[in-house]
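Colleague:
Below you can see the structure in the form of structure tokens.
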């Protein structure tokens with residue numbers, strides 16, 4: 001489970017592990033309609049960050065990430081993320097598996 005350490009009233013440190021990526025992928029797979037845009041964005045943009053330096057907030061793709069945390073990092077001025085490479089690679093692999101369906105549903109939502 002993700003750990004959030006409050007360092008002071010403005011700063012938090014977030015620590016995640018491989019299991020957190022699995023939880024995010026599982027949640028996304030159960031609610032593809034809700035997370036379609038995020039799935040597509042994470043899959044398409046992670047390569048630009050060399051997979052392991054992805055910033056969820058760069059593209060407004062943080063709802064899934066925030067849901068795992070139980071706190072809103074935007075409530076703080078500063079936060080850091082401590083995550084092993086396996087977290088990012090697993091997250092990317094999971095999003096890759098959901099991408100085609102999410103892309104289809106995202107298109108239907110835009111057209112609908």
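Residue numbers (the UniProt record's numbering): 1 to 112. In this text, a Cβ means the ideal position worked out from N, Cα and C, and glycines have one as well.
Please work out which residues of its chain come closer than 6 Å, Cβ to Cβ, to residue 80, disregarding the five sequence neighbours upstream and downstream, and give them in chain order.
Modeller: Closer than 6 Å at the Cβ level, and outside the excluded window around residue 80, lie 13.
Colleague: Please give me, in chain order, every unbroken run of the beta strand (DSSP E) with length at least 3 that falls completely inside the segment 41-98.
Modeller: 78-82, all fully within the segment 41-98.
Colleague: When you compare the CB positions of residue 64 and residue 36, do they come within less than 9 Å of one another, or not?
Modeller: Cβ distance not < 9 Å, so residue 64 and residue 36 don't count as in contact.
Colleague: Could you have a look at residue 10 and say whether DSSP puts it in helix, strand or coil?
Modeller: Three-state result, residue 10: coil.
Colleague: Kindly indicate which three-state DSSP category residue 31 falls into: helix, strand or coil?
Modeller: Residue 31: coil per DSSP, three-state reduction.
Colleague: Near residue 71, which residues of its chain fall below 6 Å by C-beta distance, leaving aside the five closest residues on each side in sequence?
Modeller: Result list for residue 71: 4, in chain order.
Colleague: Assign residue 16 to buried or exposed, taking buried as 16 or more other Cβ atoms, counted over all protein chains shown, within 10 Å of its Cβ.
Modeller: Buried.
Colleague: I believe residue 77 touches residue 59 by the beta-carbon criterion, under 8 Å. Please report the beta-carbon distance rounded to the nearest angstrom.
Modeller: About 21 Å separates the two Cβ atoms, so there is no contact after all.
Colleague: If you measure between the beta carbons of residue 51 and residue 20, is that distance less than 9 Å?
Modeller: Cβ distance not < 9 Å, so residue 51 and residue 20 don't count as in contact.
Colleague: Are the CB atoms of residue 43 and residue 115 within a distance shorter than 9 Å?
Modeller: Look at the range of the chain in this structure, 1 to 112, and you will see that residue 115 is not part of it.
Colleague: Using the three-state DSSP reduction, which class does residue 16 fall into: helix, strand or coil?
Modeller: Of the three classes helix, strand and coil, the one that applies to residue 16 here is coil, per DSSP.
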